[in-house]
Each structure stands twice: as structure tokens, then as C-alpha cells.
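Student: full-length UniProt numbering puts the first residue of the sequence shown at 1, with every later residue one more than the last.
Cβ coordinates follow ideal geometry from the N, Cα and C atoms, glycine included.
One structure follows; several queries about it will come next.
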Amino acid sequence: MIACWFFSVAIVEDLHARRNQMERAQARYVRR
């Protein structure tokens, strides 16, 4: 059970990190 919770937390954090990267890339592209 704890492993499942830890796994889901890792997935959520990975998704947040990817979204932040995409937003930064979009911001750079728009600022050009």
C-alpha cells in the first residue's frame, strides 16, 4: 500500500515537472 502511494506521488511530481518545463519553453518561444 505504501509503495502504491509513493509511486503515485512520484508520477504526480513528474507530471508537474514536465508541465513546468513546457510552460517555460512556451514562455521563451512567445517572448522571442
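Going by beta carbon distance, what residues of the same chain come within less than 7 Å of TRP5, once the five residues before and after it are set aside?
Tutor: Here the set comprises nothing.
Student: When DSSP labels each residue in this structure, what does MET22 get in the three-state scheme?
Tutor: Correct three-state label for MET22: helix.
Student: If you reduce the DSSP assignment to three classes, tell me which class residue 73 lands in.
Tutor: This structure does not reach residue 73, given that the chain is present from 1 up to 32, and the question cannot be answered.
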